[in-house]
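Asker: Basically my numbering = 1-based index in the sequence shown + 128.
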Amino acid sequence: MTSWEIRQKYLHFFESRGHAVTPSSSLIPAGDPTLLFTNAGMVPFKDIFLGLESPRTSRAVSIQKCIRAGGKHNDLDRVGFTRRHHTFFEMMGNFSFGDYFKSEAIAYAWEFLTQELAIHPDRLWITIFRDDDEAMALWSALPGVDPSRIVRLGEKDNFWQMGDTGPCGPCSEILVDQGPAFSCGSPDCMVGCDCDRYLEIWNLVFMQFNRSKDGVLTPLPRPSIDTGMGLERISAIMAGATSNYETDLFLPLINSISEKAKVPYENGNGPLDYAFRVIADHLRSGVFLLHEGVIPSNEGRGYVLRRILRRAIQFSLELELPSPVLSNLARQTVIMMHQPYPELEQSLSRIEAVLSHEEDRFTRTLSEGLPVLRGFIDEVISRNEKVLPGEMLFKLHDTHGFPIDVCEDVARHQGIHLDFKGFEEKMEEQRERGRQSWVGKKEDFPVPSSRIATPVSFLGYERDQVMGEVLLLVRDGKEVPEVHEEEDVSIVLTPTVFYGEGGGQVGDRGLLRGPFGQITVSGTKKPWPGWILLVGKVSSGTIRKGELVDQQVDLIARRQTEIHHTATHLLHAALRQVLGEHVRQAGSLVTPDRLRFDFSSPHPVSKDDLLEIGTLVNEWVRLDRPVNALEMEKAKAQEVGALAFFDEKYGDIVRVVSVEGTSTEFCGGTHAKRTGQIGTFLILQESGVAAGIRRVEAVCGSAAYDRILSWKSSLESFEQEMGGVKSDEALSRLLALKSERDKLSREVAALKTKLFVSEDRQREKDWIKLDGRSFLFTDVEIDEAKDLRLRIDALKSNVTSGAVLLLGILPDRVVLLGWASEDVAKKFPISDLVKNFSIRLGGRGGGKPIWAEGGGPLPDNMTALLSEMREAAILAFEGAFKVS
């Protein structure tokens, strides 16, 4: 059975049992800064499980693309050396959001494996959580399940949780006994052993509890199901393969590598087979990540991608593959994965270009560094030692730019370990030398040798104007003695009244006046501890190092920033008072125009709670409470209950800002003197930004007044458009008009349907008929996209067995809509045509085998393209159904 057949069987099995087929989400998690990549099938549904998002369906099934190559789930070093570890894989999953629970999840899994895939029950083992008697009873009751093959395991193996707190529950795993040949040989080898004999293929998670911060488990009101079965593993089982790599998900690519290398792949038994596996696995990851827009770099996702690609290049040297390796194999990767992911083809040329560039860069690094590394390793081996000294590692890194992770891979292969401690010591020595010279830098600004001894004196808490000495001028990343009109400049002064961006508060802006020139300051940063860097442009004359300049902070912006910062503290206090003390700050942004506050909360804030929070803050504003700031020892600040929930580093002496009777927090920002200066506090919106993280956006003072004026103006315009009536009457009139519009829309739709039926009688000659089945592909001119649905409804109403694919032409784009009857869709899924034709149009499309939609921009060669599509559609239909 091929992997494609397994995909189709899986999706059809669960769709026929009421599950909505959900396309794979991106490998880049949407709106979740906690994850680099989508690393599990449940990630797209994470907010639903956390209660942050309402499910669109109570049952779902998906085959999700996943990457595990960084962070907690990092198997990169094992890939290629085991039968089952991968960086890119696909996770098949069925999910229930408060719908069915254990009984159905267990029954579905058993039925699919033993009946749909025909795996003999005698090959299957089951594990459950040690205390889950319910699961034990449910499994034991199924026909064909031998209770002696059900194994109870502990929390480490069979209890799942999303984090230290939140949704969790026991799980049940289904394993396949691959036979003694896969055993580690230990007499104690049994289910739970780390060897490959008992291979986990499906994990059923019963999400039925919520774990509190004190560890107490309470039943969830709507228990849910989250399951995961790796496509690669089950494909290997169904193919009778010895590893995942001997399946159609890898083997075509491995064969191409073998052909280019002129080295046979021996199904895991060859001395270089690990290299084939590494390259094949990493190419799949690289192609998919590049398709989704990730670019190799030195940070974040780009860094993980770079590591994956460089590791593949490194192992290609062992096979002596002709260069370029990766770009030459990218096409085969796309061909291999084309059936489930035809969209890869449209990115192929870009993928090949990036791979070629990355390989060229890294090959040059390897050609210089690998001979040196191998010489070092030979030297270590000749001394009968097992550790490569840190000094050697440092030389490779410093002189040749050789990546340490590559050193580790090469050395491990020779049985040599790395002296990471010695390497770090050498790196720190280099950093220290940089501190004493001009080598070190931050954000491309040179670091002066005096920066530790003479930090900038900040007077901005008490003053907003002062004279300061110019300590440093930076232009184009280099220190200069003077700067001139129209030049961009970064400047360090002491003392200064400009607040440097930090703690969520933006930096000050303003003006600097010297004896012979003037600088407009657009922002202020803190590039190094104790230093404040002003960024701006010379607006006139010349400014020189050593001069005294008059500093004038933009007071309007400063005061607006101050009230927004104080309001942020009040908002934090109100959130904790209304929602509970579990609320923790997770980030903030304070500007002259608005504030943004991120906080921990498992659920969205209700409208009533949001109204209460806003009311509470405005009540504290009207009370005009004093705002005080004091410096004190950190321990003392903690004793008085000062809150410090954001990711900041503190010294022994900290600054504490308190609003009398309301709030006390660690804070280095600038604030209003009294809450009354805030004037008005107005919440704009509340939203989710990540799993368990909510965000409130608000405005204060003149920004709030401006927003109210804008709303008032919009309301007056609305009233005027509604005939000059007041807003409450205008709303009633609007609802009446909407009702009338809907009625007219229905009437127009009915008339259009009659018209379409009449027109479609003239298309009888365009139908293709084969063995009792009918197919129509045609283009129609439409006024709007929804007309296409009316047309297809009219056309299919008289078809018992067949398919319709309509192409609607609008002034600037083309819309595709396809339908197929249930029996036809089994051999002729209309979604395949819609997907492929949408790609040809430069757009995207998809759906289910019986109903799909898509489209793209209107091409210049529409007539020729239409003819090609019609011919391809008819050939596909005729190919699926031969006349009997």
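Using N, Cα and C, we set each Cβ at its ideal position, and we do this for glycine too.
1) Could you tell me how far apart the beta carbons of I176 and P183 are, in whole angstroms, since I believe they sit closer than 8 Å?
2) Specify the secondary structure class of A1000 as computed by DSSP and reduced to three states.
3) Which partner residues does F287 have in the DSSP bridge list?
4) Relative to the C-alpha of L859, which candidate in K871, E844 and D870 has its C-alpha closest?
5) Which runs of the alpha helix (DSSP H) at least 4 residues long sit entirely within the stretch 680-753? Give them in chain order.
6) Closest by CA to Q1014, which one among R722, F727 and L703?
7) Please report the distance separating the alpha-carbon of G294 from that of I978.
8) I need the straight-line Cα distance from T719 to A364, nearest angstrom please.
9) Which value, in whole angstroms, describes the spacing of the CA atoms of D870 and D721?
10) Whole angstroms is fine: what's the gap from M555's alpha carbon to S495's?
11) Quick check on DSSP: helix, strand or coil for T242?
12) Contact between the stretch 795-810 and the stretch 675-694: three or more CB pairs below 8 Å?
13) So R339 is in the beta strand (DSSP E); what residue range does that whole segment cover?
14) Between which two residues does the alpha helix (DSSP H) harbouring I937 extend?
15) Using the Cβ count rule (16 or more neighbours within 10 Å means buried), how would you classify Q593?
16) Let me check understanding here. Comparing Cα to Cα, which of I479, K388 and N372 lies closest to N395?
17) Quick one: what's got a C-beta closer than 7 Å to V625's C-beta in the same chain, skipping five residues either side?
18) Between the C-alpha atoms of G936 and H140, what's the straight-line distance to the nearest angstrom?
19) Kindly confirm or deny that the stretch 163-174 and the stretch 219-228 touch, where touching means at least three C-beta pairs closer than 8 Å.
20) Evaluate the contact criterion for the stretch 415-426 versus the stretch 373-392: three or more CB pairs, one atom per stretch, below 8 Å.
21) When you compare only the Cα positions, how much space is there between A188 and I353?
22) Taking the alpha-carbon of S384 as reference, which of L447, Y469, K665 and E239 has the nearest alpha-carbon?
23) Below 7 Å between beta carbons: does that hold for V319 and W253?
24) Do F903 and A931 come within 7 Å of each other at the CB atom, strictly closer than that value?
25) Around the C-beta of N331, are 16 or more other C-beta atoms found within 10 angstroms, so that it is buried, or is it exposed?
26) D911: buried (16+ other C-beta within 10 angstroms of its C-beta) or exposed?
27) Given a threshold of 16 other Cβ atoms within 10 Å of its Cβ, counted over all protein chains shown, does W659 qualify as buried or as exposed?
28) Tell me whether M520 sits in a helix, a strand or coil according to DSSP, three-state version.
29) My output table needs one value for L771: the three-state DSSP class, helix, strand or coil.
30) Got a sec, what are the start and stop residues for the beta strand (DSSP E) F217 sits in?
31) Compute the distance between the beta-carbons of V755 and V787, then report whether it is under 7 Å.
32) Just curious, the alpha helix (DSSP H) that P380 is in, first and last residue?
33) Alpha carbons only, please: which of D915, A269 and F905 is nearest the one belonging to F1005?
34) With a cut-off of 8 Å on the beta carbons, I'd call G518 and E553 a contact; round off their distance for me.
35) Taking Cβ positions only, does V785 come closer than 7 Å to chain C?
36) With L546 and L521 assumed to form a contact (beta carbons below 8 Å), what rounded beta-carbon distance in angstroms separates them?
Answerer: Let's see:
1) 5 Å
2) helix
3) P298
4) E844
5) 683-707 and 735-750
6) Residue coverage of the chain in this structure runs from 129 to 1012, which leaves residue 1014 outside it and unanswerable.
7) 39 Å
8) 56 Å
9) 40 Å
10) 23 Å
11) helix
12) yes
13) Y326 to R339
14) Taken as a continuous stretch (DSSP letters only), I937 belongs to no alpha helix (DSSP H), being part of the beta strand (DSSP E) at G930 to I937.
15) exposed
16) N372
17) L587, G588, R591, D592, Q593, V594, Q679 and V681
18) 29 Å
19) yes
20) no
21) 10 Å
22) L447
23) yes
24) yes
25) buried
26) exposed
27) buried
28) helix
29) strand
30) F216 to S224
31) yes
32) L379 to A389
33) F905
34) 6 Å
35) Of the protein chains in this structure there is only one, and it is not chain C.
36) 6 Å
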